[in-house]
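Plus 1 on top of the position in the sequence shown (first one is 1) and you've got my numbering.
For each residue, glycine too, the CB sits at the ideal point set by N, CA and C.
Single-structure report; data block below.
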Amino acid sequence: MTSPITSRHSIVPLESYRLAQYMKPIACFICGEGNTFDSELCHLCHAPMALAHQANDQQVEPQMIAVIGAAGAGKTVYLGMLTDMLSSCNSELQLLARGAFSISLQQATIAALARCDFPDKTPNEPDRWNWMHYQAMMSNRRHPLEIMIPDMAGEALLEEINHPHSYPVIRAFLSKCTGALLLIDAGRLENGDRGHDLTGMKILSYLRELNEQRQRKDQNYPLAIVFTKADECNTCFDSPPAFAERYAAGVWGHCQQRWDRCRFFAAGVVGSCGVRRDWNTFVRVPLRVEPRGVTEPFLWLLKQFEDRRSRQRRKKS
Ligand SMILES: Nc1nc2c(ncn2[C@@H]2O[C@H](COP(=O)(O)OP(=O)(O)OP(=O)(O)O)[C@@H](O)[C@H]2O)c(=O)[nH]1
Ligand SMILES: [Mg+2]
Ligand SMILES: [Zn+2]
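Dropping the structure here:
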């Protein structure tokens with residue numbers, strides 16, 4: 002009801018009906034916390050509330066894909082290139098962004114690569130992360146898939162693993178995700194840096210722990226292990242599983258024993274890198290963009306979702 006307040010000089014409408022909208026909380030899609038209808042970010046986990054509004058409008062449950070890895074593994078560059086390749090080409094799969102915010106990461110990555118630079122490191126604050134919500138249209142399927150992917154900071158992920166509950170959004174997202182891409186720096190592995198294998202194992206153990214707490218039956222969702230920066234390695238593209246067995250024995254063993262649906266991939270976004278001197282520091286810069294193996298892990302993951310959907314449909318009928 003709009004009841005006007007009259008003053009000596011003017012009439013100001015008192016739109017008290019607007020307050021009623023605040024009575025009904027909107028649940029955050031990621032953590033389930035109640036928020037007011039006009040919140041932009043969830044007050045608890047900082048995920049965009051647009052995800053909840055969009056998901057409420059859709060009939061299909063979105064697939065939540067976790068792209069995880071240590072800081073500097075190449076998540077932002079990989080995701081930016083992947084979404085750019087799949088939104089512009091019109092082949093097997095096309096991604097259509099839901100909401101302008103979904104395009105920010107792609108835009109920042111492509112702009113940086115175009116000026117021979119890499120995008121900035123992802124900040125640790127969740128309210129500054131890019132979230133992507135896409136509709137995936139596959140040429141041989143009638144029903145599109147809804148997909149949500151956040152670009153999380155590697156440092157924040159490890160902080161959450163070392164100190165559980167320090168980043169509620171990471172925990173909430175990984176507890177709900179339906180597929181994951183674990184990115185590991187292949188160049189460092191080949192140079193004998195075992196730290197990346199150990200970090201990979203740590204992340205996988207954390208995922209496993211969260212999976213065991215799930216009530217749903219599909220605890221063992223598909224997992225793609227992607228060796229990034231494979232352009233810097235001699236052997237990675239030849240056989241990613243053989244590379245894993247030789248240079249990432251811990252991750253390899255963990256996947257063999259504990260993950261039913263797991264596959265190894267190699268990817269590289271740039272053809273070669275150079276070094277630029279910025280004052281007293283040396284910064285790596287891409288000399289040319291030459292994506293290789295970028296779409297394969299993602300297409301494999303979507304195929305796993307499709308197969309699961311077909312199995313569920315068959316069971317129902
Ligand atoms: N050679 C090569 N280097 C790459 C590639 N992708 C990323 N890099 C290098 O790796 C660095 C880190 O990449 P990011 O994508 O920012 O890494 P990230 O995993 O998002 O790191 P955080 O945001 O800290 O979690 C870049 O600045 C580049 O120097 C690639 O495909 N090839
Ligand atoms: Mg990043
Ligand atoms: Zn939330």
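Problem set entry | residue 239 - DSSP class collapsed to helix/strand/coil | The residue you call residue 239 lines up with position 238 of the sequence shown. In this structure, residue 239 counts as coil in the three-state DSSP scheme.
Exercise. Apart from the five residues just before and just after residue 111, which ones in its own chain have a Cβ nearer than 6 Å to its Cβ?
Worked result: Your numbering for residue 111 matches position 110 in the sequence shown. The beta carbon of residue 111 lies closer than 6 Å to those of 85 in the same chain, with the five residues before and after it left out.
Exercise. Does at least one heavy atom of ligand 1 sit under 7 Å from the Cβ of residue 85?
Worked result: In the sequence shown, the residue the question calls residue 85 occupies position 84. No, the beta carbon of residue 85 sits no closer than 7 Å to any heavy atom of ligand 1.
For this session: Flag this pair as touching only if the region 148–156 and the region 69–84 have three or more C-beta atom pairs under 8 Å; answer yes or no.
Result: yes
Exercise. Looking at the structure shown, is residue 248 part of a helix, part of a strand, or coil, going by DSSP?
Worked result: Here the question's residue 248 lines up with position 247 in the sequence shown. If DSSP states are grouped into helix, strand and coil, residue 248 belongs with the helices.
Exercise. From the DSSP output, which residues share a beta bridge with residue 232?
Worked result: Here residue 232 refers to the residue found at position 231 of the sequence shown. Note: residue 232 sits in no beta bridge, so no partner.
Problem set entry | Element boundaries [beta strand (DSSP E), containing residue 282] | Stepping through the sequence shown from its first residue, residue 282 is reached at position 281. Taken as a continuous stretch (DSSP letters only), the beta strand (DSSP E) holding residue 282 covers 282–293.
Exercise. Which residues mark the beginning and the end of the alpha helix (DSSP H) in which residue 82 is found?
Worked result: Looking up residue 82 in the sequence shown gives position 81. 76–89 is the extent of the alpha helix (DSSP H) around residue 82.
Exercise. Can you name the start and end residues of the beta strand (DSSP E) that residue 194 belongs to?
Worked result: For the purposes of this step, residue 194 is identified with residue 193 of the sequence shown, where counting begins at 1. From DSSP, residue 194 is part of no beta strand (DSSP E); its letter is neither H nor E.
For this session: Reducing DSSP to helix, strand and coil, say where residue 103 ends up.
Result: Here the question's residue 103 lines up with position 102 in the sequence shown. Residue state, collapsed to three classes: helix.
Exercise. Cα separation between residue 210 and residue 203?
Worked result: Indexing the sequence shown from 1 puts residue 210 at position 209. Indexing the sequence shown from 1 puts residue 203 at position 202. Near 11 Å, if we compare the C-alpha coordinates of residue 203 and residue 210.
Exercise. Under the three-state reduction of DSSP, which class applies to residue 2: helix, strand or coil?
Worked result: Taking the first residue of the sequence shown as 1, we reach residue 2 at position 1. Residue confidence is low: residue 2 scores 48 on pLDDT, short of 50, so the model does not pin down where it sits. Its coordinate-derived value is still stated next. If DSSP states are grouped into helix, strand and coil, residue 2 belongs with coil.
For this session: Under 8 Å Cβ to Cβ from residue 262, same chain only, skipping five residues before and after it: list those, please.
Result: In the sequence shown, the residue the question calls residue 262 occupies position 261. Excluding positions up to five away in sequence, the list reads 221, 222, 223, 224 and 305.
For this session: Give the single residue among 307, 280, 255 and 107 whose Cα lies nearest to the Cα of residue 139.
Result: As a working note, residue 139 is residue 138 in the sequence shown. Closest option to residue 139, judged by alpha-carbon separation, among 307, 280, 255 and 107: 307.
Exercise. Excluding five sequence neighbours on each side, which residues of the same chain lie with their C-beta closer than 7 Å to the C-beta of residue 156?
Worked result: To locate residue 156, count along the sequence shown from 1; it is residue 155. Cβ neighbours of residue 156 beyond the five flanking positions: 72 and 125.
Exercise. Going by C-alpha distance, which of 165, 145 and 237 is nearest residue 93?
Worked result: Along the sequence shown, one-based indexing puts residue 93 at 92. The shortest Cα separation from residue 93 among 165, 145 and 237 belongs to 145.
Exercise. Out of 62, 118, 68 and 88, which has the shortest C-alpha to C-alpha gap to residue 290?
Worked result: For the purposes of this step, residue 290 is identified with residue 289 of the sequence shown, where counting begins at 1. Of the candidates 62, 118, 68 and 88, the one whose C-alpha sits nearest the C-alpha of residue 290 is 118.
Problem set entry | Residues of its chain near residue 135, where Cβ-Cβ distance is below 7 Å and the 5 sequence neighbours each way are ignored | Start at 1 with the first residue of the sequence shown, and residue 135 comes out as number 134. So the qualifying residues of the chain are 96, 97, 98, 99, 103 and 148.
Exercise. Is the beta carbon of residue 295 less than 8 Å from the beta carbon of residue 271?
Worked result: Numbered from its first residue, the sequence shown carries residue 295 at position 294. Numbered from its first residue, the sequence shown carries residue 271 at position 270. Cβ distance not < 8 Å, so residue 295 and residue 271 don't count as in contact.
For this session: For ligand 3, list every residue whose C-beta falls under 6 Å from any of its heavy atoms, going in chain order.
Result: Output, sorted by chain position: 29, 31, 32, 34, 43, 45, 46 and 48.
Exercise. Which value, in whole angstroms, describes the spacing of the CA atoms of residue 192 and residue 229?
Worked result: In the sequence shown, the residue the question calls residue 192 occupies position 191. In the sequence shown, the residue the question calls residue 229 occupies position 228. When rounded, the distance between both Cα atoms is 14 Å.
Exercise. Is it buried or exposed for residue 314, if we count other Cβ within 10 angstroms and need 16 for buried?
Worked result: Residue numbering aside, residue 314 sits at position 313 when the sequence shown is read from its first letter. It is exposed - the Cβ of residue 314 has fewer than 16 other Cβ atoms within 10 Å.
For this session: Inspect the beta-carbon positions of residue 162 and residue 249 and report whether they are closer than 8 Å.
Result: In the sequence shown, the residue the question calls residue 162 occupies position 161. In the sequence shown, the residue the question calls residue 249 occupies position 248. The answer is no: Cβ separation not under 8 Å.
Exercise. So who's on the other strand from residue 271, going by DSSP bridges?
Worked result: Sequence index remark: in the sequence shown, residue 271 carries index 270 (1-based). For residue 271, which the question treats as bridged, DSSP gives the partners 290.
Problem set entry | Local conformation of residue 309 per DSSP, three classes | In the sequence shown, counting from the first residue as 1, residue 309 sits at position 308. If DSSP states are grouped into helix, strand and coil, residue 309 belongs with the helices.
For this session: Taking only the alpha-carbon atoms, compute the straight-line gap between residue 310 and residue 16 and give it to the nearest angstrom.
Result: Taking the sequence shown and counting its residues from 1, one reaches residue 310 at position 309. Taking the sequence shown and counting its residues from 1, one reaches residue 16 at position 15. Going by the C-alpha atoms only, they are around 47 Å apart.
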